[in-house]
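Below is one structure, written out as structure tokens; the observations come after it.
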Amino acid sequence: MTSGLGATGLLTPLFIGDVLGGLDSIGVPVTQLLQMADSIAFIILAAIGLTVIFGMMGVINLAHGEFIMMGAYITTLSVNVVGLPLPVAMILGALGTAAFGAIIERTIVRRLYGRLLDSMIVTFGLGLILTQGTRIIFGNSLQSIGTPFGNVPGYTYSAYRVLLLFAAIAVLGGAYLVFTRTEFGIQARATIQDAETARTMGVDTDRMYTVTFAIGSGLAGLTGALYAPSATIVPGMGQSFLVESFVTVVTGGSTVLLGTTLAGGVLGTIDAIFSNLYGNFIGQIALLITAIIVIRLLPDGLTGLAHTIRDKLGERQ
Amino acid sequence: MSDNHVSRRSVLATGAAGVGAALAGCSGGGGGGDSGSDTIKIGVLEDRSGNFSLVGTPKWRASKLAIEEINDNGGIMGQQIELFDPDPQSDNQRYQQLTERLIQQEDVDALWAGYSSATREAIRPIIDREDQLYFYTTQYEGGVADKNVFCMGSTARQQLGSVVPYMIENFGTDIYTIAADYNFGQLSADWVKVIAQENGASVNNEEFIPLSNQNFGSTISNIQEADPDFVMAILVGNNHSSFWNQRTSAGLDIPMGTSTVMAQSYQHKRLEAPALADVYGGFNYMEEIPTDRNEDYVSRYYDRFPDAGYANQESVNNYFSMYMYKDAVEAAGTTDQQAVREELEGGMEVTGDQSPEGDISLQGPVHHMTHNMRVMKCDADHNITVEDERMIPEQFLSETVGIDLSGEDSELERQFTPTEYYDAAGE
Numbered sequence: 001m002t003s004g005l006g007a008t009g010l011l012t013p014l015f016i017g018d019v020l021g022g023l024d025s026i027g028v029p030v031t032q033l034l035q036m037a038d039s040i041a042f043i044i045l046a047a048i049g050l051t052v053i054f055g056m057m058g059v060i061n062l063a064h065g066e067f068i069m070m071g072a073y074i075t076t077l078s079v080n081v082v083g084l085p086l087p088v089a090m091i092l093g094a095l096g097t098a099a100f101g102a103i104i105e106r107t108i109v110r111r112l113y114g115r116l117l118d119s120m121i122v123t124f125g126l127g128l129i130l131t132q133g134t135r136i137i138f139g140n141s142l143q144s145i146g147t148p149f150g151n152v153p154g155y156t157y158s159a160y161r162v163l164l165l166f167a168a169i170a171v172l173g174g175a176y177l178v179f180t181r182t183e184f185g186i187q188a189r190a191t192i193q194d195a196e197t198a199r200t201m202g203v204d205t206d207r208m209y210t211v212t213f214a215i216g217s218g219l220a221g222l223t224g225a226l227y228a229p230s231a232t233i234v235p236g237m238g239q240s241f242l243v244e245s246f247v248t249v250v251t252g253g254s255t256v257l258l259g260t261t262l263a264g265g266v267l268g269t270i271d272a273i274f275s276n277l278y279g280n281f282i283g284q285i286a287l288l289i290t291a292i293i294v295i296r297l298l299p300d301g302l303t304g305l306a307h308t309i310r311d312k313l314g315e316r317q
Numbered sequence: 001m002s003d004n005h006v007s008r009r010s011v012l013a014t015g016a017a018g019v020g021a022a023l024a025g026c027s028g029g030g031g032g033g034d035s036g037s038d039t040i041k042i043g044v045l046e047d048r049s050g051n052f053s054l055v056g057t058p059k060w061r062a063s064k065l066a067i068e069e070i071n072d073n074g075g076i077m078g079q080q081i082e083l084f085d086p087d088p089q090s091d092n093q094r095y096q097q098l099t100e101r102l103i104q105q106e107d108v109d110a111l112w113a114g115y116s117s118a119t120r121e122a123i124r125p126i127i128d129r130e131d132q133l134y135f136y137t138t139q140y141e142g143g144v145a146d147k148n149v150f151c152m153g154s155t156a157r158q159q160l161g162s163v164v165p166y167m168i169e170n171f172g173t174d175i176y177t178i179a180a181d182y183n184f185g186q187l188s189a190d191w192v193k194v195i196a197q198e199n200g201a202s203v204n205n206e207e208f209i210p211l212s213n214q215n216f217g218s219t220i221s222n223i224q225e226a227d228p229d230f231v232m233a234i235l236v237g238n239n240h241s242s243f244w245n246q247r248t249s250a251g252l253d254i255p256m257g258t259s260t261v262m263a264q265s266y267q268h269k270r271l272e273a274p275a276l277a278d279v280y281g282g283f284n285y286m287e288e289i290p291t292d293r294n295e296d297y298v299s300r301y302y303d304r305f306p307d308a309g310y311a312n313q314e315s316v317n318n319y320f321s322m323y324m325y326k327d328a329v330e331a332a333g334t335t336d337q338q339a340v341r342e343e344l345e346g347g348m349e350v351t352g353d354q355s356p357e358g359d360i361s362l363q364g365p366v367h368h369m370t371h372n373m374r375v376m377k378c379d380a381d382h383n384i385t386v387e388d389e390r391m392i393p394e395q396f397l398s399e400t401v402g403i404d405l406s407g408e409d410s411e412l413e414r415q416f417t418p419t420e421y422y423d424a425a426g427e
């Protein structure tokens with residue numbers, strides 16, 4: 001494995017093995033927990049770019065899967081053709097997709113704000129062009145890069161997939177900080193909430209839209225980059241992220257980053273438990289049924305529930 | 001075989017293709033027959049774009065190679081072959097539309113079409129309505145007994161009948177099956193059970209995996225927990241290819257048998273070693289077969305298509321069947337489809353350079369091939385070796401069901417399944 005990430009993985013494998021073995025011996029279902037980490041990470045990372053583009057900006061981006069695919073392609077090609085170390089290739093994957101997103105916003109998406117159905121059609125077409133264009137340029141499949149880190153010590157489970165949970169948390173935390181604690185984040189949210197007022201306050205709203213869309217695209221690209229070592233690199237690969245991503249954003253509700261975290265946690269846990277007990281098919285069904293129940297009972301999504309609880313607590317005080 | 005799930009793409013494409021099909025239907029025209037023209041018209045519908053282009057493109061290339069070779073050597077009975085090969089784009093509606101067009105407007109003398117079983121079943125009603133001579137060249141679940149259809153690929157029973165007994169003999173009797181969750185995968189899993197029972201083994205665990213699934217964490221830990229002697233992995237499509245990387249990084253080192261992986265979409269060339277280490281497949285062809293005849297074929301294939309990624313199992317079926325058709329037409333002395341069909345039903349031998357896998361023969365009464373089946377092993381460096389080799393005929397239709405399309409069953413147009421004939425299947 002040529003990956004530069006290898007070193008970190010080798011730090012304390014015996015220690016991790018001992019800890020997990022210890023937990024197992026006192027009855028903690030370690031295998032299920034590993035599966036849960038894997039599922040939660042997948043759901044959060046599948047949704048994260050869409051959280052910004054659909055959740056915040058209100059653009060139904062049906063090319064979301066293709067943005068993920070683009071991140072994976074840039075990463076894989078950077079490793080295989082240019083010979084870059086994996087972490088650098090991953091950063092390039094995210095940045096490259098962000099740059100592509102910025103161009104798409106400037107040329108196409110810009111004209112579609114507030115036109116929900118039109119944005120669906122256009123991004124759907126964009127997705128087709130990206131998939132088939134990739135196929136024409138790079139062929140039907142790329143040589144894949146192997147998965148770093150090997151297995152979780154003592155368990156038949158890929159360590160890399162489990163570590164993605166930490167990547168997911170870091171990405172969520174980073175996005176939260178950017179959108180709540182930076183001047184850019186506040187201006188961006190102001191622009192999306194009320195562009196006219198923001199403009200009168202001196203915010204360059206055009207730039208805000210472009211940068212926000214680019215960030216959403218970049219996050220999708222990062223997801224592709226992170227899954228590149230563990231997925232099959234083909235032009236249609238983005239499709240497999242699409243269901244989870246939309247379900248997560250819708251289930252999450254209006255406060256998008258919190259929503260993605262909550263939805264990722266709930267849906268990932270359900271998926272993991274049912275996959276583990278009854279297989280992947282039942283896991284998928286359980287996930288979708290949970291989403292239906294959540295949307296039926298909580299029309300404002302999980303964050304709607306969180307807000308209600310917060311308001312009730314506030315009243316009591 | 002392969003996936004027939006509905007994506008948002010196919011939903012939208014359906015509408016468009018439906019309009020096209022309706023328009024195509026207006027043009028009328030009679031079906032099939034000897035057109036009396038000075039070329040022989042052949043239709044080849046193989047996917048060069050869309051989901052199946054990875055496996056469809058080699059099939060198209062091999063058909064083209066065979067046709068060019070035949071034309072360079074004087075054609076069929078002195079007539080050149082005229083090829084009609086629009087790209088069906090992995091879309092079943094488009095397949096239906098193009099099948100209508102090739103039969104009614106182009107009046108093709110023979111048709112090759114389709115990768116997946118879903119595609120074959122989508123166009124078979126049109127084939128039967130028009131009585132069109134049709135060659136289906138993918139490995140598939142088996143059981144199609146249709147007067148107009150000649151199945152050139154090996155069936156699940158032939159492929160699994162080659163690899164499952166080998167695995168039982170070498171690794172043990174406790175089997176864990178993971179299979180793609182659709183028609184082909186489920187019937188293949190049934191065959192694993194039937195063949196296991198015939199060889200004194202048993203399938204003790206079985207999981208069907210949705211074609212959209214690409215996360216195998218729980219599957220891998222469940223396999224490890226059950227700790228079988230070997231796994232039969234009948235995985236299909238690009239998403240399922242992720243299984244091999246994840247299996248390797250999870251450290252699951254139980255030997256695996258397959259009928260689908262490697263030979264069709266060459267995962268051993270696309271995934272980094274050792275993802276496919278200790279995988280054993282039962283196939284009628286892989287490009288690594290170390291015979292002079294095959295090496296000669298492979299070099300012809302790459303000379304013609306230098307950019308090709310692999311000469312897959314299906315592509316060779318396209319190749320030899322074109323020559324088999326040529327022989328049948330020349331023996332019949334006409335391209336009249338009924339006459340050619342009767343010639344084929346008398347049985348054919350495909351030998352020499354025309355059949356890269358080895359000398360094989362057509363079982364006329366059931367329209368299937370006796371194939372030269374091999375157990376091929378992939379090692380940790382992704383080198384392929386032949387571990388076992390024998391001729392395996394189609395047995396299900398010919399022996400179990402007892403079909404004779406050249407005689408009493410000459411009007412049959414249906415597919416038989418193992419659940420109708422075996423208790424072990426479908427349990």
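Protein chains in written order, with full-length UniProt numbering: chain A, 1 to 317; chain B, 1 to 427.
The beta-carbon is built from N, C-alpha and C at its ideal position, and this holds for glycine as well.
Remember, predicted model here, so these are calculated numbers, not experimental data.
Does the CB of residue i have a neighbour CB from chain B at under 8 angstroms?
| i | result |
| --- | --- |
| G304 (chain A) | no |
| I60 (chain A) | no |
| F42 (chain A) | yes |
| T2 (chain A) | Because T2 (chain A) sits at a pLDDT of 42, beneath the cut-off of 50, its placement in the model cannot be relied upon, and the point is left open. |
| M90 (chain A) | no |
| L70 (chain A) | Per the sequence shown, the amino acid found at residue 70 (chain A) is Met instead of Leu. No, M70 (chain A) lies away from the interface with chain B (no Cβ there is under 8 angstroms from its Cβ). |
| A263 (chain A) | no |
| V234 (chain A) | yes |
| I145 (chain A) | yes |
| F281 (chain A) | yes |
| S141 (chain A) | yes |
Nearest to residue i by alpha carbon, out of the options?
| i | options | result |
| --- | --- | --- |
| I270 (chain A) | A:F42, A:T182, A:G17, A:I53 | A:F42 |
| T417 (chain B) | B:T99, B:Y115, B:R157, B:D38 | B:R157 |
| F184 (chain B) | B:A275, B:E121, B:G358, B:D278 | B:E121 |
| Q224 (chain B) | A:S158, A:H64, A:P235 | A:S158 |
| Q187 (chain A) | A:L267, A:G49, A:L172, A:V203 | A:V203 |
| V256 (chain A) | A:V152, A:Q132, A:G58 | A:G58 |
| R124 (chain B) | B:N239, B:Y95, B:E106 | B:Y95 |
| L271 (chain B) | A:Q143, A:S39, A:Q32, A:I74 | A:Q143 |
| E389 (chain B) | B:Q395, B:V375, B:G75 | B:V375 |
According to DSSP, what are the bridge partners of residue i?
| i | result |
| --- | --- |
| I76 (chain B) | B:Q79 |
| residue 442 (chain B) | As shown, chain B starts at 1 and ends at 427. That puts residue 442 (chain B) outside it, with no answer to give. |
| I384 (chain B) | B:C378 |
| E413 (chain B) | B:D146 |
| A113 (chain B) | B:L45 |
Determine the contact status of residue i and residue j, defining contact as a CB-CB distance below 8 angstroms.
| i | j | result |
| --- | --- | --- |
| G174 (chain A) | P229 (chain A) | no |
| L362 (chain B) | M348 (chain B) | yes |
| T258 (chain B) | G281 (chain B) | yes |
| F213 (chain A) | G125 (chain A) | no |
| T57 (chain B) | E314 (chain B) | no |
| residue 428 (chain B) | A233 (chain B) | As shown, chain B starts at 1 and ends at 427. That puts residue 428 (chain B) outside it, with no answer to give. |
| P165 (chain B) | N199 (chain B) | yes |
| I220 (chain B) | Q246 (chain B) | yes |
| D300 (chain A) | S254 (chain A) | yes |
| L130 (chain A) | I60 (chain A) | no |
| T97 (chain A) | S241 (chain B) | no |
| Q89 (chain B) | G50 (chain B) | yes |
| T156 (chain A) | G309 (chain B) | no |
| V162 (chain A) | A37 (chain A) | yes |
| L65 (chain B) | R304 (chain B) | yes |
Got a sec: is the Cβ-Cβ distance from residue i to anything in chain A below 8 angstroms?
| i | result |
| --- | --- |
| R270 (chain B) | yes |
| G257 (chain B) | no |
| T57 (chain B) | yes |
| L344 (chain B) | no |
| D409 (chain B) | no |
Quiz item: Are three or more beta carbon pairs between the region 186-202 of chain A and the region 268-285 of chain A nearer than 8 angstroms?
Solution: Contact fails: fewer than three Cβ-Cβ distances are below 8 angstroms.
Exercise. Scan the region 207-220 of chain B for residues whose Cβ lies nearer than 9 angstroms to a Cβ of chain E and list them as they occur along the chain.
Key: Here the protein chains are A and B, and chain E is not one of them.
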